[in-house]
Amino acid sequence: MTMPSDPHILLVDDSPTFLALLFHKLQQGGYRRLTTATSGREALEWLGIGKQGPMFIEPVDLILLDIIMPEMSGIEACRLIKEDERFRDVPVVMITGVNDVSTLNGAFAAGAIDYILKPVRPVE
Numbered sequence: 418m419t420m421p422s423d424p425h426i427l428l429v430d431d432s433p434t435f436l437a438l439l440f441h442k443l444q445q446g447g448y449r450r451l452t453t454a455t456s457g458r459e460a461l462e463w464l465g466i467g468k469q470g471p472m473f474i475e476p477v478d479l480i481l482l483d484i485i486m487p488e489m490s491g492i493e494a495c496r497l498i499k500e501d502e503r504f505r506d507v508p509v510v511m512i513t514g515v516n517d518v519s520t521l522n523g524a525f526a527a528g529a530i531d532y533i534l535k536p537v538r539p540v541e
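Sequential numbering from 418 applies to the sequence shown in the working numbering.
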């Protein structure tokens, strides 16, 4: 899948500090179309999953999703995103401080295409 020259990226993390850091790093990298959500539920609401009609303003090209969040894990959110035909081809990259093989296998089984370990290094 080829990314658009100006991709719209949805960032999902329950840590406001980490979310702000990631947002800033991506802006420094030239990305301008960034949307944030502080939970899996908020991300699903923004995408319009489980609601009547879409809630999102514009299509999303990439989702960066934290694995460990309260209420709903990133793995569960990823599974629900991938069950929606509108988002089956949207790449989901998990962001996690967990380097546990079973957790990562769960993320891939839910539809994630890759993962980035926290703390995120700019080169990644």
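For glycine and all other residues, C-beta sits at the position ideal for the given N, C-alpha and C.
Simplified DSSP state of residue 454, which is helix, strand or coil: Strand, per DSSP.
Candidates 527, 480, 449 and 447: closest to residue 463 by CA position: Checking every option, the nearest Cα to that of residue 463 belongs to 480.
Given residue 485 as reference, the closest of 516, 477, 452 and 466 once Cα atoms are compared: The closest CA to that of residue 485, considering only 516, 477, 452 and 466, is found on 516.
Where residue 518 falls, given that 16 or more other Cβ within 10 Å makes a residue buried: With fewer than 16 other Cβ atoms within 10 Å, it is exposed.
Anticipated Cβ contact below 8 Å, residue 458 with residue 423, distance rounded: With a contact defined as Cβ atoms closer than 8 Å, residue 458 and residue 423 miss out at about 28 Å.
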